[in-house]
Each structure stands twice: as C-alpha cells, then as structure tokens.
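Protein chains in written order, with UniProt numbering: chain A, 1 to 704; chain B, 1 to 704.
Just so you know, even glycine gets a beta-carbon here, dropped at the ideal spot from N, CA and C.
Note that the structure is predicted; figures quoted are calculated from it, not measured.
One structure is given here, and the rest of the page talks about it.
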Ligand SMILES: [Zn+2]
Ligand SMILES: [Zn+2]
C-alpha cells in the first residue's frame, strides 16, 4: 500500500515476559499426581498481566501461579489483579516428549484458534480471546526440576504498521482535567464490561465514553481504540496490541489508517493513581502480507535467558520445604504404580491402614520398611528389648549408634528411624513385654497393665503383625486380634524356612452372635477368610514355656539372613493383597492339596477360577505361604480354623470376654488352663495317637 | 581330743576374694566363639594369687585374666607374678544351666580330687594341687553380661585348730639378722623348687634351710611349715593353709600339735622388700570330724557382694570398645549358625569375599544389608545417581537427611551407611556411570576412563552383583565379569515378578585356551556352572537404547515393594550357596523342565540326586529363580550358555581381549556391532521366525 522510506517509524511491540510463581509448580505437581496422572493432553489454565506498572524498568509480565488452575471466567478479563488471559498447558510425561513437540505446529494451532475467533467476531465480543498463551512443561518430580516454554501467539497481520510520529504520553496530549474525565469514563466501562480493549468516543455533549469493541461498527466519534497495555516503555506498546490490530484490520480495515491507539497504563505510585504515562500512537500506514495461506503467519515463542528460542528450567528442590518434597516424591512413586499398572489400586486405603508390629527385630524392621514403601503412614512397634551390637547388621532400622551405652529401647528406636527415613511417618514405639502362657507372673499388677496396654493398642490399629521371637508371645496378640476382629499377619522363621500367614479374620466378638458353630464344610476348593485358621490352629498342645533352658543358639534363632527379607516382603504383600481384595479379610484362600503345579497349569486354572475366586487386583490371597530355601520350594496351604484352637476358638474368646484378665492370669501361670478351656484336653483323651505335623516345625523370627 | 574352753583361740582363715580382669572376659568370649562353641564341658584354666601384699586393707585375691587360658605348668607354682593355681572353668550355654548346676556336687567333686591328691601323696610333691579352684560362668555375649561364681574348695579336716596364742609377726620373733638369713634360705628354695609350701629346718651348723614338703618325713629339726600366704591380715592366715593342714593332718598327724606355721608374706614397699609381717602361728590342739564318710566335707563357694552365697555378674558393654563389641557380637551370631546348624559352613570364605554392587538402589541397598548379615566385610557400590526424596522409603541405606541439598551421591552415601551400621565394614562408593551399548558416547576420553575404572574394580572383587536399572547397563559388567572369570549375580524386577540368577562362571579369559567350543550336550539333567548362560544368553537381539523416550513411570520401574526384598534375599543366598558349594562357581544346576512339583516328590528326588548333584550345604544352587508374586509361583530354569550371546560368548570376549576399548567404543555408539561380532546377525538371517520367550519380560531393578 505504501513503500517504506528510510526514516519510517515502524510500530514495534514489547513481548511478554513470563513470570511463574513457585506456587504454580507446586500446584502443577499436585495436579499431576492427583488429577492428570499420565494424561498429557493440553488443559486450560489462566494467566494474567497488569497494566499497572509505572516503572519502565519492568518488563511486560505474564504471570501464572497456583490460581492459574482454577476455573475462571476469562470473559471478565480485568479483575483486581490484572487482565486474565486464557492459556493452554501441555505437561508432557518425559523430557523427550517435551523436546519432540513441534513448536511451529503448536503455535500455529493456537494462532488458528485466535484467527477463527477474529473471523467469527467472537474476539470482538471478548477481546481476551486475543491474548491466548501456550505453556509447555515437563515436571521431573523426582528432582523437582521443571522445564517450560511459553508462547504468546501473535498473528503477523498486518505485517507492518507505520506511525505518524513517535508514541506520545497521554498527559502530554490531554489536560489534567481531560485526563481525569477520561479516567472516569474508563472506570465506568471497566466496572460494566471488564474488558481489556475498548473504543473511546468523545462528543461535545457527553464528553468521553468507553464502549465495548463490538460496538465499534456503530460508533462515529471515535477518538481512540484503547487496550490495557502491559508495557511501561515510553516508546513501545505491549504484545496484546498485535492481535488487537489483526482484529481491527480484519473487521475495520478501512478505519486503521489514521487510527489513534490508547495504550492504557493505569498504575499507582506514592498512593496516587498514575495514568499519564499511557501512550498514544497514531497509525500512518499499514502493510499487509502478500497473498498467502488463509491464516496469517503466527509467531511468539518466548526466548530464554540467553536470548535464544529455547526452553527454560527451574529447580525448586532447594526452595521447597524438604519434608513436603519428600512427601510428594513418595506419593508420586505410588501413584505411578496405580496409574500405569493397577488403576483399581486403592492407595488411600493402604495409606490409612494403621499397622501394629509386635516385635522390632529382623522381621519387624523389614516389615516396617516394606509398609513404608507401600505408603503406610501409621506404624507402631511393640518390643521390650534394647538394641544390641549384633542387631544392626540384621535389623535394618538400627545403626551402631543405637547400641551404645546399653542400647536404646528397640521399639522407640525403630519408630524414630522411620521418621528419619521419611518425616511424614506417624510412628510410635511401645516398650512392653508381651505376657505369655505358662510364664509365671510375679508382678500381677504390672502384667495386667501391660495386657491392657496391648489390648488398647490392638484396638487402635487395623492390622496386627506377629513378629516376635517366641511362639508363646504370639498367643495373647493372636487371641486379642481374634477377639477384636483385627487382621493378623504372622511371620515366623526357621533356619532356612519361613511361614507367612494371615489369621482367619472374623467380626469382632459379639456375645449375642452365634460364633461357636463348628465347620460347615468347604465349598469350591476354597475357604472364606473367616473360616481360616490362626497360627495356633494346627497345634494340639497349648503354647507353653518354650524359652526356658534354651541354649544360646536357640535363644537367638539363627536364620539364613535372606530368609527374613523374603518373609517380610511376603508378609506385607499379603496384607496389601487382603486390603485390596473386594472382600478384605474375608477373601477366600484356595485349598491347594498340591500347590506345586506348573506355571502353565496355574495359568489355565487362573482363568477357570476367576469367577469362582474373587481375587485381589494383586493376585491370589493365600492363607499361608511356607517356603523352604534349601530346595527353593514354596507351598500355599490353607487350613480351616480349629474348633479347639487355644488362641482363636470361640471357647477361648468367650472365656476371655467373660472373665477378662482373671482368665489371662490363670493362663500365664499355667498354660494347661488353655487346654482345658479350648477343649483340647478332652480331645487328648479321645485321640490315642496324634498325627504328626507334616512340615518341619519352624522356629520363630527373632528380635535378638 | 580336747574340749573347747571359753577363751580358746580358734584358727580362722581369710577366704580368697576373686578378682577377674576384664581381659579374662574378652579372652573367654574369644575362646567361646573360636574354640568352645557349644561345648560346656569343664576346661582347665589357671589363676594366681600373691603373697606380696603389704597392706592389711587388701583382701586375699585370687586373680584370673587373659593368661588364665594359656597352658601353663602349675607345678612351677611360684612365678614372678605370684602363685599359680589350677582351676576348672565351666562355661554354660544358658543362664538356666548355670543356675541348675548343683553347687554342692560340683565342689564335692573338686574336694574329692584334692583329697585323692592328699591320699596319694601327689599334693606332697606338688602342693599347688591343694589350691584348686572352680569357676562357673555364663557369658551372655549379646549383652556382654557375664555371670560367674568362684569356689575355693577346702576340706573340713581337721574340723578345728586351736592356737596357743594369737598369731605373731615374724619380725617380733626373729631378729633382723635371723630374718635376713631365713629370707636367703627361702629365696634359694624358691629358685630351686618354686613351690608354695615348704618345710623350714634350722640347725646350728647350716642355719635355715627350706625343703620341699615331701621331705618332711625325713627331716628332724623342723622349725616351721611355711606357705605363701595371700592374707595380709595381722590376725589370720589365708585360705590355702586349710588344705595344707589337711595334707599334714593326713600324712603327719603326729606332728600337728605343737607345729609352728609360717604364713610367708613377701612384699615390697617403698622399694624395700618387706617380709616382717609374715605370721607365725603355733598349733595347740586339733579337732577332727567325727567318723563320717571317707572324704571330708568340702566347702568354699565364694559369697557375693551382698555377703550371700550366690553368683556375681559383670557387664562389660560399657567398658569395652564399642566397635570391638559390635565386631564380636556380629561374629558370634554367625558362629552360632555354624556351630548349631551347619558345621561345614565356611564363614571365613564368606567374610573374605569382596562384593561389588553395581547399583545402589532398592536392590543394591537390600543386597548390601543381606551380605552384611552373612558377615561379608568388603562391599563396593557403583552408582552415578544422587539420593532423591522418593528413595529412602524403598532404598534401605538412605534417610531423609541424605536427600537434602540436591542429594548425596548414592554410592558414597550407601557406603557410609554400611559403616554406620557396622563400623567393621570395609565399604566404598564409586560415582560412575556404566557405559551402555547404543548410548552414543560424546566424551570418549571420559568414558574410556570409566570403563577402565569399572574393569579394575571388577578385577579387585570376587563377586559382581548386577543391580542396575536398565538392561543395557548390565551388558558391560556382564561381559567384563565373564572375561575375568568372576561370579556374577543378577537380580531384576518386574512389577510383581523377579529374576535372580547366577551367570555361568568360567575361568578368566585365556587366549591360549580353547573356549569357543559349542555345547557338548548336557549330562544327568544338570548343567555344570561353567556351562550356564548369562543374563543376555536368552536374548536374540543386542541390548540397545531402551531408556530413550520412556515415560516417567517407565523411567522409574515401579515394583511391588515386597518384590525387592525377596529378590535381594534370594540373590545373596544364591551367592552364599555358590561359595559354600564344593565346586564353587562350577556348581551344577538342575535342568528342571517342571520345577513345580510337590514337596514330597522333591524330598524323594533329593535323596536320589544326592549322589548325582553335589549340593551345597545350603541346598540346591539353581541357575536362576523366577518368581511371580501374582500367584506366588517360583520356577528354577537352568539354561545353557548361548554360543552367540552378546555378552558372554567367546566371540565377544575374544574381540574385547584383542581390541579393548576400541571395540567397546564401537558398541557404545552402535549396538548392532554386537550382533555382528556375536554372530547374532548371521543367525537372524538363518532363522525365519524366532520363538517367543516364554516368560513375561521383566523390567529391571530401579535405582531411582
Ligand atoms: Zn486358631
Ligand atoms: Zn551370555
């Protein structure tokens, strides 16, 4: 339309500079973990800029922060904090994906959207559609390293704007009085429409009046087209003017030449509103791109710190609260498991499960660690030992320092360790000796207190792990867990064998309920969880005083070290499988007369059984797992609760329910009482010979 | 013989007070662990007392210390340190056994021995036979608590000795000149005979002369019977006189009345020898016990601190060097395993095995812990990561503190942790990135250095654990381990599956040796260790660049937490089984087409196979263990080395042996090179279709 001359004044725009509040990253982290998961589709966010800067040393900032994720009406663009802009956030799952995104394609797509909003007139009604932005991110949440790249798409249409003169500050053009009048007109418009662009009309009667852009066609006395200008430079307007000019060039091409633009800057300094540095520019001529595609060229990727087109990074690991960093890092790891592999996994259920670990020895330490890795936050240890020098190499929550000066109490020391591993743990240690059948009680008052404490503690927890070093010390917690209907997980070690089992879980004892029915037989080759036996169900004698007169090597059960890791890992996986099973503790266990069949057979069977046995998303939920390291064998026996069991039978539970501690006191002083109450004694009379138990008797996990 | 009168002067003896040097307990601990094991038969030790005390405030001490365990000639009783006594140490295995020992029976037995030595005259020739003692101990080596009880058996024979007068100090009786003369006579006797009792003759010609006790019968001018007196009381002789009087009463009853006894005290004060406080006592009358058993009554159990007959305890945990305490406590635990369960276990072999752990992630941490529990002292980690916030809940050698400020380097942090657990560890961390096939090398010089470092490190170790988080990062160490003939143990995890395997172990590469023979077929359903494959033997493509463009969840392999404990436990147990196998790395592995048969079948098979397969004392030594937690299955496939393996085949090894880093550089830049060199590429041409690998492909253990 006009050829360039040497001293032509070309209109140039100050690009946006992005500003990301660290609160944005925190919120993104949370959204990634809680909402987006592995979804990397673009999502809508908002940003904002202000036209309030009154210092020309500040760049034109486009800000995003935690509130960017809120669902906001961008049509009400001019809020108290500034002018809202609609943005599109694409958070990739990998750095490679971040890099691989075709940047031109992405910005073109956004440009197309803006162009369509121009063509359709939507942008006339809602000028904030012109200030869309793109934000591309990759959040490396392991390192709290964030990669990001903003684009502020702008259409190259017109391709060049020539000015009549250098931009002038509005207070050089208007009188103070006039400026004040305009200011009032603008405020009125702002409170009515809240839009970031407007038409300024001035007629002699009414003075200044601001109108929405869409009324432009009907207005005659147009003085200026105004827009909220993020720039504070005395020489250049900010980026939003570019797409605004594209809009005007499309809809009001004829008005463009000669048009005056008000770059409205509306700040406060020294308690005074300052609008005088708003710029006025007057368009002398306009150059349009040659005949090209239907959509104008689009550009606007932000340059990085080095002035190159490229992404920026920020690392927040130092600025964030380390405990919260740990919190979300641990959370993320588990969420990844869920997102990727097990969408049906209920992580909250695991996290909220309160676990009581009886014994803070080799098994207790490894079980606690495995629970933590699963996200369990509540772990309580019960142990009455102190950390000794031989412990740390086997008991993974203790170090050499814990052994000094006689050794720290194990339960407390283990609980402290958990918090040193992960500050989010709610861990507690209780120094308590578990009273045992047949272990004569000398201080009855003390023991009664201990029993009460143990019973209360079991009440406060959801799962009880039996990890002590003697068979007898498992009796009381087994009985109390059965009485209170808690899930009990048992792990016991031999030299190179292990037993990991869940006790049959029934409802808490209710005297009104008939619980003392004998077995009703077994359906479909599986036992319901409530039908399963406990650790003592296979015993035909009461747990007695087995620690008496054991030699040094027997006192400390010697096991192949690998065994304790295997048993601990299995014990926790068993608990998690139960928790994730739709029927929880009542999950059935297959009765496998021959657990050792081939993988292929099992795979077939699995299909067949899927209907019959409602398995956990984590697979089968066996009653017990017995392993024999000597030949690397493992069997999964499931056995029914024994009507005369000394620990879980209704006969024993009922006696405890009725007599309370008085019954226990008898048992502690003489374990034969248990055989009487459970009916075992009668059974002994009935049976001449007793079948031998099939497996080598395991010794117990040691807390020594 | 005479009736008691009111003011009769009854001879009373100062009992021994036992003094146990802490060096005694240290030596006992060592003897218990290294020699006695569970043997609780009494063993001979020595103690000593001195007659050198010159202060009456000191008790008559019988001392035992580290030297008590040395084999010493007690006949030379009077040494420079004092008078040696023969003792019998009985160290029980339990506190109960300690308590249960019948104290009267024990002391009677010792009394009988003394009496027999009196009757036989042996005690006349060797008076030290009269000062036997008993020491009963129980060493609770977990708590460094020692229970002990001394007995100084003395025969009540005669039952009462009456004196003419109170004991007199010898310098009140002899002139200075006379005392000096006697002293010279005693010194002569001491240097000739070194006995603790003697006969003092005085005749006018020769002056004083001391004779051995056995010459008593032949001597006439007997002035005194002397003995080295541990007492320094001015009123009472010490305990040894009692049995000496019994000896005299039996052999020289007729001489007893009127006999003078020299209680010889021979000390030094202010640099001056002092013998003047030696006592002289004169026997007025003797009362014998009524006709009783053939053996006189025996007494002499030491009273405890409270003046009661009872045991004493001492706890050395505070006085001992804690690091040495830890050392011996850890040692003891392993020794107990050997003593009680596996006498053929070679613990030294394990302790001296140098283990290199490639990867200090979940697997690396648990493997290291399990190795420590087995007594391994040399552990080196290789990892190039830093500890991040998500690590500690899964990686058991790290805590929250290790994550702060960007995280400590993992290898070093893990190595430090081991020493905090057990100061005796020789642990090291190497921050090194293992170069991988197909991962283009940008800084060749750096990578060449890393390769050299890795090769040197593998050379310095005996066992290489492959625990990194990608398949490709296992290639170089697999190849180098094969080249150097090291035992390689591999552990890899899937979400709920694991693979633990040993690589076939052959001799270090020797170009002169023909190694490139193809399989010679399999004998007896088992493969020798050298015939077994490696991790890559089942692959039909070279390890490539699999980490490229993995999403967040794939980058960090997500596994059920229990899996890593199970795999780590199994990996270490596999290593220990190999080490303990008579054929070591060449131990055969059964080829089990159906590893899942019943326990019963296996038990039968085991008997049958005992001859065929020379199993480790720890049981079978499988080639690999594949576990599937979903159904709690485990199989033990053994596969033969693949002639075209990209990692362990002679073709690849030979190329490396010839070209060194130049070959590796090619591989790092393009993994196809491996397919060429190994012959896989040719094979691909030959085979139209490739059978699918039967098991779900496992992902790898993560160090993230
Ligand atoms: Zn039961
Ligand atoms: Zn191989």
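Any Cβ of chain A closer than 9 Å to the Cβ of residue 42 of chain B would place that residue at the interface, and such an atom is absent. Residue-level contact by beta carbon holds for residue 631 of chain B and chain A, with a gap shorter than 9 Å. At a cut-off of 9 Å, the C-beta of residue 381 of chain A has no neighbouring C-beta in chain B. Here residue 302 of chain A is buried: its Cβ has 16 or more other Cβ atoms, across all protein chains shown, within 10 Å. Excluding its 5 nearest sequence neighbours in each direction, residue 396 of chain B has C-beta neighbours in its own chain below 7 Å: 365, 366 and 369, listed in chain order. In the DSSP assignment, residue 150 of chain A falls outside any alpha helix (DSSP H) and within the unbroken beta strand (DSSP E) covering 145-155. Non-local beta-carbon contacts of residue 326 of chain A in its own chain, meaning distances under 8 Å to residues more than five positions away in sequence, involve 422, 423 and 424 in chain order. In this structure, the C-beta of residue 503 of chain A approaches ligand 1 to less than 8 Å from one of its heavy atoms. Residue 140 of chain B is bridged by DSSP to B:145. Along the length of the region 414-465 of chain A, whole alpha helix (DSSP H) runs at least 4 residues long occupy 444-459, reported in chain order. What you get when you keep residues with a C-beta closer than 6 Å to any heavy atom of ligand 1 is A:533, A:534, A:536, A:537, A:641, A:642, A:645, A:647 and A:648. Beta bridge pairing from DSSP links residue 491 of chain A with A:500. Taking a C-beta cut-off of 8 Å against chain B, the contacting residues of the region 478-499 of chain A are 495 and 496, listed in chain order. The beta carbon of residue 562 of chain A is closer than 8 Å to those of 629 in its chain, skipping five residues each way along the sequence.
For residue 366 of chain A, the uninterrupted alpha helix (DSSP H) segment begins and ends at 362-373. Where residue 274 of chain B is concerned, the enclosing beta strand (DSSP E) starts and stops at 272-274. Just measuring C-alpha positions, the residue of A:261, A:174, A:398 and A:394 sitting nearest residue 416 of chain A is A:398. Rounded to the nearest angstrom, the gap between the Cα atoms of residue 155 of chain B and residue 42 of chain B is 21 Å. Around residue 374 of chain B, the beta-carbon contacts reaching into chain A at under 7 Å are 561. Non-local beta-carbon contacts of residue 328 of chain A in its own chain, meaning distances under 8 Å to residues more than five positions away in sequence, involve 29, 30, 33 and 141 in chain order.
With a cutoff of 9 Å on beta-carbon distance, residue 248 of chain B and residue 225 of chain B are scored as near each other. Residue pairing by DSSP puts residue 268 of chain B in a beta bridge opposite B:273. Within 8 Å of the C-beta of residue 478 of chain B there is at least one heavy atom belonging to ligand 2.
Between residue 579 of chain B and residue 309 of chain B, the beta carbon gap of about 51 Å keeps them out of contact (Cβ cut-off 8 Å). Beta-bridge partners of residue 229 of chain A (DSSP): none assigned.
In terms of side-chain proximity, the C-beta atom of residue 542 of chain B is found no nearer than 8 Å to any non-hydrogen atom of ligand 2.
The region 158-177 of chain A and the region 278-286 of chain A touch, with no fewer than 3 CB-CB distances between them shorter than 8 Å.
From the beta-carbon of residue 625 of chain A, the residues of chain B found nearer than 9 Å are 632. When distances are taken from the beta-carbon of residue 528 of chain B to the heavy atoms of ligand 2, even the shortest one reaches 8 Å or more. Relative to ligand 2, the nearest heavy atom lies less than 8 Å away from the CB of residue 482 of chain B.
Here the alpha carbon of residue 659 of chain A sits roughly 12 Å from the alpha carbon of residue 667 of chain A.
Between residue 355 of chain B and chain A, the shortest Cβ-Cβ separation is not below 9 Å.
Look at residue 103 of chain A: its C-beta is not under 9 Å from any C-beta on chain B. Here the region 210-229 of chain A lies against the region 183-198 of chain A, with 3 or more beta-carbon pairs under 8 Å apart. Considering only beta carbons, the part of the region 125-150 of chain A lying closer than 7 Å to chain B consists of 142 and 143, in chain order. Residues of the region 406-420 of chain B with a Cβ closer than 7 Å to any Cβ of chain A, in chain order: 406 and 420.
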